[in-house]
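Throughout, my numbering is defined as the position within the sequence shown, counted from one, plus 38.
Cβ atoms here follow ideal geometry from the backbone N, Cα and C, with glycine treated the same way.
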Amino acid sequence: MTLKEWELNEPTRLMILLAGMILNTFILHSAYLHLTASYTILHSQSLTSFPSILGAHIIRVISGLLSNGSFWIISGLFISLLGSVIFRMDRDVGYANSIYSLPYKKWEIFGIKYLVLLLYSLTLTFIPFFSVSIIASLSLIEYIPDILFSKMVVYRILLSLYMILYLTSLVSLVSLISPNILITIIISLSLFFLPFFISISEVPPLLFIIGNFKEALNFKMITWGVIVPLALIILSMGISEWKDVR
């Protein structure tokens, strides 16, 4: 078994991932029902008379799922947990020397771990999202591709990708400089939730959650969603090279 296969199939993190996916699916399904019911009550006559309005409504509802605060709170929590386990468990439990004795450079091991965290995070968020979106829209099955590839939904997915890149790069860096898993989780969650709960909308996560989908390609969004994560990843690779295995 290669290092990548082992990192992907480690039981503890798979259980965390599964729990997070179940919670996210439940949250998104509840949000879908709530949004649909609210809009139907207000526009029931229009929805019955004009199918195109129904399609536009479904697009707004599905796009709105990725702006759900509860969904991102749970996602942020589980991404922090997964990152802490992926980057810290081997050091805290004591088998890091076995991993770092393999024929890989330290930055390569970091790269493998980060890619695993990124894959897990994408699975954690997008499998529940697409499952709920597709299953809930089966009555409009012929329009599902148009709905999912609509400008509003695509741009909201792009903002979600920014969020995932930001969170995964942040927790990766924190994991490398923290002394243990517990401190990693505390710091990661603090950095994520503090701007969220004091309503600072100029920085992530609120920047991506409540931001207008039309702004997904502007400089500010790209800076926080691509440039900052890339800088954090490069910094983390540098730290991983000189940091002792402990």
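### Query
Any C-beta of chain D sitting closer than 9 Å to the C-beta of L244?
Reference to chain D is not applicable here, since this structure consists of a single protein chain.
### Spatial distance of L41 from W145 (CA atoms)
Numbered from 1 along the sequence shown, position 3 holds the residue referred to as residue 41. Numbered from 1 along the sequence shown, position 107 holds the residue referred to as residue 145. Linking L41 to W145 through their CA atoms gives a straight-line distance of about 14 Å.
### Query
Under three-state DSSP, which class holds T261?
The residue labelled residue 261 in the question sits at position 223 within the sequence shown. In this structure, T261 counts as helix in the three-state DSSP scheme.
### Query
Is the region 230 to 250 close to the region 164 to 180, with three or more CB pairs under 8 Å?
For the pair of segments examined, the region 230 to 250 was found not to touch the region 164 to 180: the number of CB pairs separated by less than 8 Å stays below three.
### Task
Give the single residue among F116, I185 and I147 whose Cα lies nearest to the Cα of T161.
Here residue 161 refers to the residue found at position 123 of the sequence shown. Checking every option, the nearest Cα to that of T161 belongs to F116.
### Task
Consult DSSP for N250 and reduce its assignment to one of helix, strand or coil.
Sequence index remark: in the sequence shown, residue 250 carries index 212 (1-based). Under the three-state reduction of DSSP output, N250 falls in the coil class, being neither helix nor strand.
### Query
Considering only C-alpha positions, which residue in the set M190, I247, V170 and A69 is nearest to W262?
Counting from one through the sequence shown, the residue named residue 262 turns up at place 224. For the options M190, I247, V170 and A69, the alpha carbon positioned closest to that of W262 is the one of I247.
### Query
Shortest alpha-carbon distance to N256 belongs to which of K151, Y193 and I150?
Working through the sequence shown from its first residue, we reach residue 256 at position 218. Considering only alpha carbons, the answer is Y193.
### Message
Whole angstroms are fine: how far does the CA of S118 sit from the CA of I223?
### Response
What you label residue 223 is simply residue 185 of the sequence shown in a count that begins at 1. What you label residue 118 is simply residue 80 of the sequence shown in a count that begins at 1. Distance between the alpha carbons of I223 and S118 is about 6 Å.
### Task
Can you tell me which of N62, M259, L208 and L214 puts its alpha carbon nearest to the alpha carbon of W110?
For the purposes of this step, residue 110 is taken as the residue at position 72 of the sequence shown. The option with the nearest alpha carbon to W110 is N62.
### Query
Among L214, I236 and H95, which one has its Cα closest to the Cα of V123?
The residue you call residue 123 lines up with position 85 of the sequence shown. Answer by Cα proximity: L214.
### Message
For a quick check, are the C-beta atoms of I100 and Y142 less than 9 Å apart?
### Response
The residue labelled residue 100 in the question sits at position 62 within the sequence shown. The residue labelled residue 142 in the question sits at position 104 within the sequence shown. In this structure, the beta-carbon distance from I100 to Y142 does not fall below 9 Å.
### Task
With a threshold of 16 other CB atoms inside 10 Å of the CB of D128, please say whether the residue is buried or exposed.
For this step, residue 128 is matched to residue 90 along the sequence shown. A buried status is given to D128, since no fewer than 16 other beta-carbon atoms sit within 10 Å of its beta-carbon.
### Query
When DSSP labels each residue in this structure, what does S45 get in the three-state scheme?
Mapped onto the sequence shown, residue 45 falls at position 7. Position check: residue 45 holds Glu in this sequence, whereas Ser was assumed. E45: helix per DSSP, three-state reduction.
### Task
May I ask which residues mark the beginning and end of the alpha helix (DSSP H) holding K189?
Looking up residue 189 in the sequence shown gives position 151. K189 -> alpha helix (DSSP H) spans K189 to I215.
### Task
Leaving out five residues on either side along the sequence, give the residues of the same chain with a beta carbon under 8 Å from the beta carbon of M259.
Your numbering for residue 259 matches position 221 in the sequence shown. The residues are L197, Y200, L245, F246, G249 and E253.
### Distance between V264 and L270 (C-alpha atoms, nearest Å)
Numbered from its first residue, the sequence shown carries residue 270 at position 232. Numbered from its first residue, the sequence shown carries residue 264 at position 226. Cα to Cα, L270 sits roughly 10 Å from V264.
### Query
Measuring CB to CB, does I185 end up less than 9 Å from S169?
Along the sequence shown, read from residue 1 onward, the residue named residue 185 stands at position 147. Along the sequence shown, read from residue 1 onward, the residue named residue 169 stands at position 131. Remark: C-beta atoms of I185 and S169 do not approach each other more closely than 9 Å.
### Message
Quick check on E45: buried or exposed, where buried means 16 or more other Cβ atoms within 10 Å of its Cβ?
### Response
Residue 45 sits at position 7 when you count from the first residue of the sequence shown. So E45 counts as buried.
### Query
Using the rule of at least 16 other Cβ atoms within 10 Å of the residue's Cβ for burial, across every protein chain shown, is L52 buried or exposed?
Residue mapping note: residue 52 aligns to position 14 of the sequence shown, counting from 1. The residue in question, L52, is exposed, as its Cβ has fewer than 16 Cβ neighbours within 10 Å.
#### Entry: Whole-angstrom distance between M190 and R98, CA atom to CA atom
To locate residue 98, count along the sequence shown from 1; it is residue 60. To locate residue 190, count along the sequence shown from 1; it is residue 152. Near 8 Å, if we compare the C-alpha coordinates of M190 and R98.
### Query
When you compare each of V154, V209, S239 and A94 to S225 by their alpha carbons, which one comes out closest?
Position 187 of the sequence shown, counted from the start, is the residue given in the question as residue 225. What sits at residue 225 in the sequence shown is Ile, not Ser. When only C-alpha atoms are compared, the closest one is V209.
### Query
Considering V241, what are the terminal residues of the alpha helix (DSSP H) in which it resides?
On the sequence shown, position 203 is the one that residue 241 refers to. Unbroken run through V241: none, as it is neither H nor E.
#### Entry: Neighbourhood of I277 by C-beta distance below 6 Å, restricted to the same chain and skipping five residues each side
Within the sequence shown, numbered from 1, the residue matching residue 277 stands at position 239. Exclusion of the five residues before and after I277 leaves L214 as the residues of its chain whose Cβ lies within less than 6 Å of its Cβ.
### Task
Express the C-alpha separation of L73 and M275 in angstroms, rounding to a whole number.
As a working note, residue 275 is residue 237 in the sequence shown. As a working note, residue 73 is residue 35 in the sequence shown. Taking the straight line from one Cα to the other gives about 43 Å.
### Query
Sorted by chain position, which residues of the same chain lie with C-beta nearer than 6 Å to L156's C-beta, five sequence neighbours on each side aside?
To locate residue 156, count along the sequence shown from 1; it is residue 118. T206, listed in sequence order.
### Query
On the three-state DSSP scale, how would you describe Y142?
One-based indexing of the sequence shown puts residue 142 at position 104. Correct three-state label for Y142: coil.
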